[in-house]
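Those letters in the sequence shown? Residues 0 to 408, by numbering that gives the first Met the number 0.
All remarks here apply to the structure that follows.
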Amino acid sequence: MPEGVVRWLKGYLYIKLNGYTPERFFNLCRSGKLDCWNMRRERDGYYVCIALRDFYKIRPFLRKSHMSMRIASREGLPFLMRQNRKRKALAAAVLSFFVVLYAMSLFVWNISFDGNYRYSRETLLDYLEEEKIRYGILKSRIDCDRLEEGIRSRFPEITWVSARVSGTRLLIKLKENQVFSGVPQIDSAPCELRAKVCGVITRMVIRQGKAEVAVGDQVEAGQLLVSGRLSILNDAAEVVRTAYVHGDGEIYARTVYTYEEEFPQYHRVDVKTGRKRRGIGVGAGPYHLRILMPDLKKETWNDVTDKTQLCLFEDFYLPVYVEQIRGESYVSYERPYTEEEKKQEAGKVQEKYVKNLLEKGVQIIENNVKIQECGRSWKVEGTVTVEEEISEPHYIAEIEETKETDERD
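Rendered as structure tokens:
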């Protein structure tokens with residue numbers, strides 16, 4: 000608790016001193032470990048704040064230093080209660096405040112996570128909701144040990160969990176595993192590699208199997224690239240048997256993707272008028288009270304609300320939110336795209352498509368885009384030339400079973 004709040008709760012006096020040896024008086028107070036602060040000098044004397052419990056201890060120091068003292072004001076809770084001791088309604092209100100405050104301290108009003116990178120806050124809150132742990136739950140109903148064990152079981156990538164309740168806050172600290180949680184299994188089933196898309200082979204790395212294409216070949220989607228069937232020959236170059244292996248390798252090809260997207264010739268533009276308004280609000284659960292400047296001209300406003308949860312102390316949160324509202328008025332109208340804006344729209348379409356390709360791990364070689372009028376809209380057409388790995392496995396057992404079925408039919 001802040002020191003100033005503690006002093007106010009215990010009460011203190013603001014006194015005025017007169018005399019010729021104030022330095023000796025302050026030294027005596029310091030040696031006697033009296034709680035004095037905010038000392039200052041004025042034309043009519045010296046002023047200092049002193050704790051109520053130390054007031055009667057300064058009389059010997061006043062006599063020794065030949066100083067006189069007068070009480071300038073009385074501050075703090077003890078004096079406030081004495082002044083209002085006959086106001087029963089005020090006393091009841093203060094008592095009710097502390098009763099409500101104590102009742103609020105029995106519940107959890109804030110849930111925070113620390114150390115979560117892989118899992119979002121919403122994902123973790125959904126899990127807590129499944130465990131019936133939510134805002135407003137009684138603190139006595141939370142079993143931190145059981146919660147820690149449940150989080151580790153539900154999310155294998157989380158290796159360490161610490162959950163504790165402090166004040167009205169549930170704090171959950173996590174540590175996630177940064178390495179693989181398990182050793183991947185090696186696939187050794189017989190298979191061959193076929194092309195996912197059409198393109199021109201640029202480079203090849205064959206680890207196992209027989210290459211059926213070479214660098215520079217044009218391949219089509221579904222074409223055989225690496226065979227998983229190896230013929231075993233005898234000395235007379237005759238096929239003795241066929242061995243099946245797991246085709247393994249990397250086949251890179253130059254492929255071309257095309258895309259197109261349309262957008263209307265006119266678009267909506269919002270222009271700020273320069274008028275602003277501010278407001279405040281208070282929310283408690285589903286109830287909200289907002290005070291906002293009235294809109295006399297019936298304009299369109301864009302309001303931004305900053306919400307802050309009320310916190311009395313470090314971890315003592317209350318289910319009350321204070322809102323600060325900032326608004327700006329604007330007018331809207333439609334107009335055609337300028338040349339620069341058309342280029343920006345085409346750039347957005349291009350960036351979105353290229354981003355999707357880059358997420359697949361391809362290498363962009365060439366990227367072209369053009370804009371042309373198409374009726375009452377603009378059409379963005381583009382081509383992207385990339386180099387990518389085009390092989391995908393096809394298991395031989397499934398292929399042979401399909402062939403046998405076709406032959407029977």
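Cβ atoms here follow ideal geometry from the backbone N, Cα and C, with glycine treated the same way.
A quick note: this is a predicted structure, and the numbers were derived from the prediction, not measured.
- Per DSSP, residue 194 is not a residue of any alpha helix (DSSP H); the beta strand (DSSP E) it occupies stretches across 190-194.
- As the crow flies, the alpha-carbon of residue 291 is around 33 Å from that of residue 94.
- Here DSSP, grouped into helix, strand and coil, assigns residue 197 to coil.
- When DSSP states are grouped into helix, strand and coil, residue 59 belongs to the helix group.
- With respect to the C-alpha of residue 299, the residue from 91, 269, 159, 219 having the closest C-alpha is 269.
- With contacts defined by Cβ atoms closer than 8 Å, residue 308 and residue 115 do not form a contacting pair.
- Just so you know, the alpha carbons of residue 391 and residue 381 end up roughly 27 Å apart.
- Per DSSP, residue 53 has no beta bridge partner at all.
- C-alpha of residue 358 to C-alpha of residue 352: approximately 10 Å in a straight line.
- A contact between stretches requires three or more CB pairs, one per stretch, nearer than 8 Å, and the stretch 17-32 meets this requirement with the stretch 64-71.
- Of the residues assessed, residue 231 falls on the exposed side of the cut-off, its CB having fewer than 16 other CB atoms within 10 angstroms.
- A Cβ-Cβ distance of about 7 Å is found for the pair residue 194 and residue 219, placing them in contact under the 8 Å criterion.
- Pairing residue 205 with residue 221, the inter-Cα distance amounts to about 18 Å.
- Taking residue 165 as the centre and dropping the five residues before and after it, the same chain places the C-beta of 314 closer than 6 Å to its C-beta, in chain order.
- DSSP links residue 330 through a beta bridge to 270.
- If you draw a straight line from the Cα of residue 211 to the Cα of residue 250, it is about 11 Å long.
- The way I'd put it, the stretch 34-46 doesn't touch the stretch 80-93; fewer than three beta-carbon pairs between them come closer than 8 Å.
- Rounded to the nearest whole angstrom, the C-alpha separation of residue 302 and residue 274 is 12 Å.
- For residue 150, the enclosing alpha helix (DSSP H) begins and ends at 143-153.
- Residue 388 carries a strand assignment under DSSP once its states are collapsed to helix, strand and coil.
- Rounded to the nearest whole angstrom, the CA to CA distance from residue 136 to residue 89 is 31 Å.
- Look at residue 125 here: in three-state DSSP terms it is helix.
- Here residue 96 is exposed, its C-beta having fewer than 16 other C-beta atoms within 10 Å.
- Non-local C-beta neighbours of residue 139 in its own chain, meaning closer than 8 Å and more than five positions away in sequence, comprise 105, ordered along the chain.
- Ranked by Cα distance from residue 113, the first of 157, 101, 91 is 157.
- For residue 329, the closest C-alpha among the options 154, 17, 297 is that of 297.
- Taking 8 Å as the cut-off, the Cβ atoms of residue 255 and residue 281 do not count as close.
- When the five nearest sequence neighbours on each side are left out, the beta carbons in the same chain lying within less than 8 Å of the beta carbon of residue 9 are those of 50, 51, 52, 75, 76, 77, in order along the chain.
- Where residue 36 is concerned, the enclosing beta strand (DSSP E) starts and stops at 35-41.
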